[in-house]
Structure formats: structure tokens, C-alpha cells
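Here the structure comes first, spelled out in C-alpha cells, and everything after it is commentary.
Residue numbers (mature numbering (1 follows the signal peptide of the UniProt record, and there is no 0)): -20 to -1, 1 to 435.
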């Protein structure tokens, strides 16, 4: 290579190197600087850093690495950090050496994960911009590091799982344009929840379906559900609404939840259920309505209407419902038609109510029933016809009622394996006969606190 060519190459290298190390003060008032093409924060050596408050790094081709162990980095007052780099590599300590960091922008930096160890113990972050990265998970442990967070922007990542702890200062959390499958918002103080689609999505599709499969809104302060508020969640499988203050439920609240299989509504105080409240949930398998102060159930609560070819309404069953939990309500009676649209029901929990009588035919439509829990009610008798309709039941709990006798058990309860009967004022002779029947059938006797019952 000629001397001239070597000279040109040397000159080019010098120019590039000089540009890479260039930093300039952009705001002397708060002492803020802008640097270009840094590969680490330790390369900031042209300016003093002890009192630096704001730092912007703009790289067009250089990877930036932050968080090396035993780093000599000394930025104790840094509050604003804006990174515009093609790739950001966060090592074990990440931003943990920046105790006063309040604003962090790492959008579009190719970040694949954020760890608890990346942030200081007493993190002051109030704003984090992390959109357009490759994040797949935001855990509760991570977000708990940000008790002062006001704005969090995580749109356009690959998030499939988000767990949100209670964050009292949070005003905006943007999770749009991700691949969310699981969203946990439990144990916050939410009073309302609504999904708002971007305008371009609304314009392009009136039936936009998000990919979310699990949504946990339990233990908040939600008192009212909006009509059609879940209509964009056509792939949702699990909805957790327990521990709120919801007063009324009707079918329009669940419009669009065509894939929902598990719905948990327990412990909402005093809940009112409209007729056909669950008719939109044709795939539902498990429904928990326990501890809601329910006093009456409409005979048309379960099942759904469908229009046939002649334009006539046909009231159809919910074919997949397998478990119904009505424990801890104030039910005194049940209509004989209550369960007629639940042919696949195999677990029915009615404990801790005020039931006095079981109407004839109540259990006839649910011949797949395997577990029946009626503990802690006020039943004074169970008729022979009722017992005959329970021939497929394997686990029967009738503890702590007002039963003094049972009718002739021959020809009944042919599949019974476990039974709980204590806490009733049994007549001595009746109980002796009952006990002999249990022994002859080798049926296991369960006490009220027995953990072996598979409820």
C-alpha cells in the first residue's frame, strides 16, 4: 500500500474516533450533556460527572453496554437518561448505580429483558419509556421496584405476561401492540377497567380481537362493569373479578367473551344477577359465585337463547359447565329449574347457605354430578326421590344441617364413595341403620375438616 493510501486511512480513522468521543453541554442550567457513539458510560471523560443531572446518548452504529460489575461509574446526581442506540446491553447491575434516576428512555434499544437487579434498591423512577424493544415479561417483582412510577410506556414489545402490583402513583401504563396472553392487575385500587383500541384498529376492524388469555382484576374496587367492555377479548379464557364491589351483572357485560372458560366472581359484597346473565358465555366450564349475598337465583340464570331458522327463540343449555360454586350466600330455596340447562355439571357447591328444602326434580337434569356439597345449611330432610336422583354422586357432604333421619337408602347413591354427616341431630335408631349401610357399602366417612375430599 502506498504512503498516500496509508495517510488517507489514518485520517479517516482519526475523524471517526474523534466523532465517537464527542460530548457537549446542552443545558448548563441543570447540567445536561449529549454524547455520541459511546460504548459505555465510563467513556464520558471530557466533562465532570459528579453533578451531572441529564445525559443523552445518540449512537448510530455503536452498541452501548451498561452495568458492569465493579464499574468506576460516578453519576450520583443523574436524574434524566435518554438512550438512542441501536443496541443496549444491560449487564448484571444495569442502572443500579444511578440512585437518583427519575426519567429513563430506552425505547428502540433492542432490550430483551429488565431484571430487578438492574435498578437501585430505593428506586426513584417516575417515568420509563421502553417501547419498541423485545421485552416478553414484566413481573410483579420488577414493577414493585417502581413505587413512584407515574408514566410507563411499554408498547410495541413482545409482552405475553404482565403482573402489576399496587402502584399508587401510576397514571398511565401503555401496553398496546404486544402479544399479551396473561395480564394480572389484582390487588390494586382500580375502580374501573376498560380496553380502548387505537383508532387505526377500530377503523380497520369493528370486531378486533386481542390475544389476551388471562385477565386478573381481583381485589380492586370495581363497582360497575360497562356493557361490551370485554368485546375485544374474544380469546380470553380466564377472567378473575373476585374481591371487588360489583353490584349488578347482566349478559351485556360479558359480550364478546366467546372463548371464556373460567369466571371467578366471588366476594363482591351484595351482587344482583339479571336473568340470562351468563348467556354470552357458551364455553364456560367453571363459575364461582360464592360469598355474594345471593338470596335467590332466577330459573333462567343459566343457558342462552338462540334463534332458529324460523326466527323462533330456543333456550339452549350451557354444555361445558362442570363446576358451579354457590358457597357462602343467603339462598333459602331453589327453583326446580335452576340447574336444568347445566347437563355436564359435575361439581356443585352449596355450602354455607340457608337452604331448608330441596325441591323435587332439582338434581334430575344434572346426572353427571359427582360432587355435591350442602354443608352448613338448614335442611330438615332429604327425600327419597332426591337421593335417587344422585345415583352418580361420589362425594356427598350434608354436615351441619338439621337432619334427624334419612329415608330408605336401598336403590340410591349407588356410586357413593365419600360422605360427611356429622353436626346433625340424628335420631339414634335412624343413625344406627345409616351407619350399618355405610359399613356394608364400604363408604368412607368424612369429617367436616377432612382434606381428602377433592373439591
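Quick reminder that beta carbons are idealized off the backbone N, C-alpha and C, glycines included.
Note that the structure is a prediction, hence the values are computed from the model and not measured.
Judged by their CB atoms, residue 263 and residue 239 are nearer to each other than the 8 Å cut-off. Comparing alpha-carbon positions, the option among 83, 100, 93 lying closest to residue 132 turns out to be 83. Counting every other CB atom within 10 Å of its CB across the protein chains shown gives residue 408 a total below 16, marking it as exposed.
When C-alpha distances from residue 125 are compared across 152, 139, 104, the shortest belongs to 104.
Relative to the Cα of residue 115, the nearest Cα in the group 136, 107, 123 belongs to 136.
Within the same chain, Cβ atoms closer than 8 Å to the Cβ of residue 274 are found at 251, 253, 306, 309, 310, 311, the five residues on either side in sequence being excluded. With contacts defined as CB atoms closer than 8 Å, residue 219 and residue 243 qualify as a contacting pair. The C-beta distance from residue 68 to residue 96 rounds to 18 Å, too long to meet the 8 Å contact threshold. Distance between residue 2 and residue 156, taken at the CA atoms: about 36 Å.
Within the model, the alpha-carbon separation for residue 317 versus residue 301 is close to 16 Å. With a threshold of 16 other beta carbon atoms within 10 Å, residue 31 falls short and is exposed. Beta-bridge partners assigned by DSSP to residue 34: 12, 60. Spanning the alpha carbons of residue 298 and residue 385 requires a straight line of approximately 35 Å. Taking 8 Å as the cut-off, the Cβ atoms of residue 328 and residue 349 count as close. With contacts defined by Cβ atoms closer than 8 Å, residue 139 and residue 164 do not form a contacting pair. Membership of residue 419 in the alpha helix (DSSP H) is indicated by the continuous run 408 to 421. Rounded to the nearest angstrom, the gap between the Cα atoms of residue 118 and residue 5 is 35 Å.
Annotated three-state conformation of residue 198 is coil, per DSSP. Within its own chain, the residues whose Cβ lies closer than 6 Å to the Cβ of residue 381, once the five positions on either side in sequence are excluded, are 357, 359, 404, listed in chain order.
Ranked by Cα distance from residue 427, the first of 16, 378, 12, 391 is 378.
Every beta strand (DSSP E) stretch that sits fully inside the stretch 274 to 357 and reaches 3 residues is listed by chain position as 284 to 287, 293 to 296, 303 to 305, 327 to 329, 351 to 353.
Leaving aside the five residues that flank residue 89 on each side, the residues in its chain whose CB is nearer than 7 Å to its CB run, in chain order, 63, 65, 67, 68, 113. For residue 374, the CB contacts under 8 Å within the same chain, skipping 5 residues up- and downstream, are 350, 351, 395, 396, 397, 398 in chain order. Beta-bridge partners of residue 159 (DSSP): none assigned.
For residue 375, no alpha helix (DSSP H) segment is defined; the enclosing uninterrupted segment is the beta strand (DSSP E) at 375 to 377. Distance from the CA of residue 335 to the CA of residue 232, rounded to the nearest whole angstrom, comes to 30 Å.
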